[in-house]
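Chemist: Chains as they are written, first to last, in this note's numbering: chain B, 229 to 546; chain H, 82 to 262; chain U, 46 to 486.
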Amino acid sequence: QQVVLKVHHFLSPASNAHQNLITPWCEKIAKESGDRLKCQIYPSMQLGGTPAQLFDQARDGVADIIWTVPTYQAGRFIKSEVFELPFMTLGGEASSPALWEYIQKNALDEFKGTKLIFAHVHDGAVIHLGSKQVKTLDDMKGLKLRAPTRIASKMITALGAIPVQMPAPAVPESIAKGVVDGAMIPWEVATPLKLQEITKVHVETPAGEAKMSNTIFVMAMNQAKYDSLPADLKKVIDANSGLEASRFAGKVFDMPADGARKIARDRGNTFVTLSAAEYERWVKASAGVADEWMKEASAKGANGQGLLDEARTLLKAR
Amino acid sequence: MQELQALEAGADAGSEAFGPLGRTLLWMAKVMAVIGGLIFTGLVAMSLVSIVGRKLFSWAVPGDMEVLQMCAAFASASFFAYCHLIHGDVKVDFFTANMARRKVLALDAIGSLLIAVFGALLTWRTWVGAMAIREVGETSPILGWPVWVAQALMVPGFILLAAAGLYMACHHLAAMREARQ
Amino acid sequence: MSGFTVGLLMFAILMALLVVRVPIGIAMFMVGAGGYVYLTDSTLPLLNSLKNLAYARLSNYDIIVIPLFLLMGQFATHGGLSKALFRFVAAFMGHKRGGMAIASIGACAGFGAICGSSLATAATMGQVALPELRRFGYSGALSTGALAAGGTLGIMIPPSVPLVIYAILTQESIGDLFMAAVLPGVIAMVGYMAVIAIIVRINPAAGPAGPREDWAERLRCLLRVLPVLLVFVVVIVGIYGGWANPTEAAAIGAAACGLLAVISGGMRLRGILESMMGTAHATAMIFLVLLGADMLNTALALSQLPADLASAVKDSGLSPMLVMVLILVTYIFLGCVMDSLAMILLTIPIFYPMVMGLDFYGMSHTDKSIWFGILALMVVEIGLVHPPVGMNVYIINRLAKDVPLKETFKGVIPFLISDLLRIVLLLLVPGISLYLVHAFK
Ligand code: NA
Ligand code: NA
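#1: Quick check on the DSSP output: the alpha helix (DSSP H) that includes P130 of chain U runs from which residue to which?
#2: If you pair each beta-carbon of the segment 438-453 of chain B with each one of the segment 341-353 of chain B, do three or more pairs fall below 8 angstroms?
#3: With which residues is P414 of chain B paired in a DSSP beta bridge?
#4: Measuring only the C-alpha atoms, how far is K479 of chain B from M412 of chain B?
#5: Beta-carbon of S157 of chain H versus every beta-carbon of chain B: anything under 9 angstroms?
#6: In chain U, which residues lie less than 8 angstroms from L275 of chain B when you measure between Cβ atoms?
#7: Near F277 of chain U, what residues of its chain come up, given a Cβ to Cβ distance below 7 angstroms and the 5 sequence neighbours on each side ignored?
#8: How about Q281 of chain B: is its C-beta nearer than 9 angstroms to some C-beta of chain U?
#9: Once DSSP output is grouped into helix, strand and coil, what is the label at F181 of chain U?
#10: With a CB to CB cut of under 8 angstroms and the five nearest residues on each side skipped, what residues in its chain are close to T177 of chain H?
#11: How about A135 of chain U and A121 of chain U: are their beta carbons less than 9 angstroms apart?
#12: Nearest to I191 of chain H by alpha carbon, out of H:A114, H:V130, H:A260 and H:Y248?
#13: Under the assumption that G195 of chain U contacts I232 of chain U (Cβ atoms under 8 angstroms), give the Cβ distance between them as a whole number of angstroms.
#14: Any beta-carbon of chain B closer than 9 angstroms to the one on H483 of chain U?
#15: Compare the C-beta of G303 of chain B with all C-beta atoms of chain H and state if any pair is closer than 9 angstroms.
#16: R206 of chain H to L195 of chain H, Cα distance in whole Å?
#17: Exposed or buried, V469 of chain U, counting other C-beta atoms within 10 Å across all chains shown (16 or more means buried)?
#18: What did DSSP end up calling Y330 of chain B once you bin it into helix, strand or coil?
#19: Using the Cα positions of R215 of chain H and T85 of chain U, report the straight-line distance between them to the nearest angstrom.
#20: Tell me, please, whether the CB atom of Q533 of chain B is closer than 9 angstroms to any CB atom in chain U?
#21: Taking only beta-carbon positions, decide if A527 of chain B is within less than 9 angstroms of chain U.
#22: From the DSSP output, in three-state form, read off L502 of chain B for me.
#23: Comparing alpha-carbon positions, which option in U:L403, U:R265 and U:M73 lies nearest M60 of chain U?
#24: If S104 of chain U and A153 of chain H are in contact, beta carbons under 8 angstroms, what's the gap, nearest whole angstrom?
#25: Determine whether the beta carbon atoms of I219 of chain U and P112 of chain U lie at a separation below 9 angstroms.
#26: Residues of chain H with a CB under 7 angstroms from the CB of K378 of chain B: which are they?
#27: Under 9 angstroms between the Cβ atoms of L327 of chain B and A347 of chain B?
#28: Given a cut-off of 9 angstroms on the beta-carbon distance, is the pair G118 of chain H and A156 of chain H in contact?
#29: What in chain B is Cβ-close to V217 of chain H, meaning under 7 angstroms?
#30: As a quick exercise: from B:K363, B:K523 and B:K360, pick the residue whose alpha carbon is nearest that of I306 of chain B.
#31: Can you check whether the C-beta of G220 of chain U is within less than 9 angstroms of a C-beta belonging to chain B?
#32: I'd like the list of long-range same chain contacts for G210 of chain H, defined as Cβ closer than 7 angstroms, with 5 residues on each side in sequence excluded.
#33: Can at least three beta-carbon pairs, one atom from the segment 216-230 of chain U and one from the segment 239-258 of chain U, be found at a separation below 8 angstroms?
#34: Please work out which residues of its chain come closer than 7 angstroms, Cβ to Cβ, to T221 of chain H, disregarding the five sequence neighbours upstream and downstream, and give them in chain order.
#35: Could you pull the start and end residues of the alpha helix (DSSP H) that E425 of chain B belongs to?
#36: Taking only beta-carbon positions, decide if L391 of chain U is within less than 9 angstroms of chain B.
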């Protein structure tokens with residue numbers, strides 16, 4: 229008989245993640261199971277709670293499957309958080325498989341109680357600015373920037389700017405009204421937020437170099453729900469989990485970037501790519517963030533340095 | 082229109098027909114309400130400092146947003162018992178407007194009992210939730226404060242709400258017996 | 046049983062509980078919890094989702110705006126700002142026929158601009174204006190009717206608690222909704238003033254002219270009311286000028302009103318304690334309903350009732366305007382027995398997806414959402430003044446010991462007519478709601 233899976237996430241039904249990642253994934257498992265697996269997708273936190281509580285909803289069986297940013301729960305996913313450090317990742321497709329492998333080897337305990345389906349990052353955060361120009365590290369001084377994650381807040385501070393917390397939907401208005409000078413946000417959400425109309429300057433790292441910052445995402449399933457499935461349905465879930473599924477998810481988050489850049493170009497916005505020398509300065513200036521992370525990880529009984537090295541190696545191997 | 086009575090009587094509402102236990106509960110509820118109100122006043126002051134700092138000195142109270150969120154949860158939870166003890170809940174009294182007072186009191190006793198159930202349920206689950214968060218070590222993003230403490234601080238408010246519901250149920254029943262005689 | 050049936054059953058049980066006086070928030074919570082257990086076939090998911098229900102709701106950044114606006118209103122009340130407002134408008138209008146009543150409306154609007162609640166506006170302005178109106182020989186029907194209607198300006202003019210709730214439920218911007226409410230709120234004020242002008246033209250005895258104040262006195266009154274204006278401007282400019290988000294703006298407003306109340310209004314310890322307890326009462330009243338609504342809405346989402354209904358309406362081929370009119374009429378009926386906030390919380394999850402699935406004037410998603418929010422606000426506000434429940438009417442009538450309730454309800458009728466005309470206007474011309482939102486983008 230048919231198994232209905234309650235899939236819960238925090239974005240709107242119009243979001244890239246809902247339309248191009250979660251829905252297609254659900255359609256795929258439906259097809260491969262001969263419609264014996266059916267998702268009932270609940271977007272926009274319809275089943276209650278906050279995005280930070282989503283992971284526990286999967287663990288506790290409030291939802292069967294969730295897609296979330298686990299690090300919204302600060303302090304809990306320290307080991308996995310290493311992929312959010314400054315100048316680590318390259319982009320969704322390039323770096324998501326590394327994240328998957330890293331978690332499998334080092335951080336599975338952080339996801340206990342769930343069956344991890346995939347893990348991924350986005351195409352890398354870009355600094356979008358309203359009117360200010362940033363070409364060098366010195367231009368960052370005193371700028372008010374929206375920070376996407378707790379690690380990014382530390383990075384912004386390390387670069388001499390002032391981090392401001394706010395949810396992504398509040399960003400355009402805040403930039404337009406000068407509450408913040410700009411925001412660190414990936415291209416993936418720039419178009420739905422119409423960020424290209426509000427901002428004039430986009431600061432990126434040189435091609436081939438690591439992105440300034442990233443955010444980790446996971447799709448996870450309640451372990452008991454998975455265990456209760458008959459073997460053939462487990463196989464369908466397995467076939468849509470893991471390294472390749474993570475790569476696909478990362479790719480979905482890369483896809484909107486070109487279109488988003490084109491919109492900005494067509495509006496005559498300025499693109500700033502850090503020079504090689506500048507890039508080195510930025511990396512050096514924010515090096516302390518990784519040190520601090522290592523200390524935190526070590527305080528939790530993990531080998532901070534070892535994990536950081538391992539993450540870097542995995543990322544380079546891709 | 083009990084809600085109206087509560088609105089008009091303001092800070093002096095309730096107490097008149099309460100016994101010693103009820104007066105003690107009401108006193109505790111008032112103390113918690115004032116504490117909650119003072120916390121909000123404090124948050125107002127903090128926000129002010131943060132806004133002025135951000136605008137004039139490019140400086141904001143670090144983690145002001147998360148402090149606001151954690152404190153507001155605690156402050157709000159400490160308001161519930163007071164509201165119930167002064168008959169402040171929103172109810173539809175249209176259909177029972179012409180009902181005998183005795184019957185209305187019986188219905189209100191049931192309503193208060195449900196409030197007690199609600200308070201007890203939230204007490205239990207909020208505590209369990211706080212302990213679960215404690216175990217996984219969730220902290221606030223900027224300041225690294227433990228979130229479980231903020232959640233656990235809501236529990237006294239819910240305990241008092243459960244007690245208030247239970248007391249009011251008995252209070253209504255006693256009034257009902259009186260009305261019958 | 047299908048999810049749809051369960052959803053309908055939940056509504057039926059909820060109505061039954063409301064009829065027997067179960068507090069609205071608790072009734073919503075119990076029905077939601079019951080439905081949740083039934084739909085998930087186990088109590089475990091319910092118990093787990095309850096672990097964080099209260100913290101998730103009460104630590105929500107946007108929701109904090111409500112206690113802060115309530116605190117601001119309490120300070121304004123205990124600091125005597127309402128009296129200064131009334132004196133100010135009365136100094137300019139009082140010498141005209143019906144002028145004192147018109148002044149009450151103006152003062153209600155002014156107070157509404159610093160207070161987020163309709164009941165508080167009615168109660169506060171009633172205490173200040175009613176004795177004056179009676180002193181100058183205004184009829185019981187006109188004076189109580191005008192104040193009951195004027196009280197609704199408390200939620201129609203931003204800040205407004207129901208709009209905050211709507212914004213949170215629909216993930217719309219609080220700032221945009223406040224901006225959208227400004228013009229309709231001003232139209233409401235002007236409409237009420239026009240009603241008074243017409244009434245005194247028909248029946249001059251209802252609102253005799255008061256004494257004419259000289260310019261020195263007018264200036265004095267203006268000076269006294271300036272701080273109130275300042276607070277409003279600071280809050281609005283704070284939000285729209287980019288100084289602050291709504292939560293911070295509410296904090297600024299509360300601080301300003303608190304200072305004013307202490308400095309110029311003579312608020313002392315007792316006033317401060319009463320402000321705290323008043324805020325506690327009003328906040329708890331609202332938050333209890335919110336917690337209940339969270340539980341109910343989760344269960345409703347599980348039942349798929351809102352989504353199924355929305356697609357049924359979309360496929361029914363009914364004209365969008367007809368659907369909208371039916372929704373608005375439903376609100377007016379619900380308003381006969383229910384509180385405005387509970388109405389918004391109960392119905393938005395059902396009606397919102399319906400409205401969003403239909404096309405109105407080719408509006409964008411956001412525009413439609415804001416427009417519907419303002420329309421919903423305007424119709425639930427009517428519930429505050431129309432018989433048989435009309436909370437505002439009761440509040441004002443209690444203050445006027447010599448006016449029978451029937452007369453107050455009679456006095457409110459002309460204002461209700463202006464309410465209906467305004468709703469039709471907003472329905473036909475969405476631009477009235479949207480103009481300022483677009484202009485300030
Ligand atoms: Na208002
Ligand atoms: Na009503």
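We treat Cβ as the ideally placed atom computed from N, Cα and C, and that holds for glycine. Keep in mind that this is a model prediction, so the values were computed, not measured.
Modeler: In brief:
#1: The amino acid at residue 130 of chain U is misidentified as Pro; the sequence shows Leu. Element bounds for L130 of chain U: L126 to M138.
#2: yes
#3: B:A353
#4: 20 angstroms
#5: no
#6: S94, T343, A346 and L347
#7: A158 and I159
#8: yes
#9: coil
#10: K184, V185 and L188
#11: no
#12: H:Y248
#13: Going by Cβ atoms, the distance from G195 of chain U to I232 of chain U rounds to 14 angstroms, so no, they are not a contact pair.
#14: no
#15: yes
#16: 16 angstroms
#17: exposed
#18: helix
#19: 28 angstroms
#20: no
#21: no
#22: coil
#23: U:M73
#24: 6 angstroms
#25: no
#26: Looking at the sequence shown, residue 378 of chain B is not Lys but Arg. Those within 7 angstroms of R378 of chain B in chain H are P222 and I223.
#27: yes
#28: yes
#29: R304
#30: B:K523
#31: yes
#32: Q232
#33: no
#34: The question names Thr, but residue 221 of chain H in the sequence shown is Ser. Excluding residues within five positions, the ones whose Cβ falls inside 7 angstroms are G144, E147, M151 and V228.
#35: L423 to I426
#36: no
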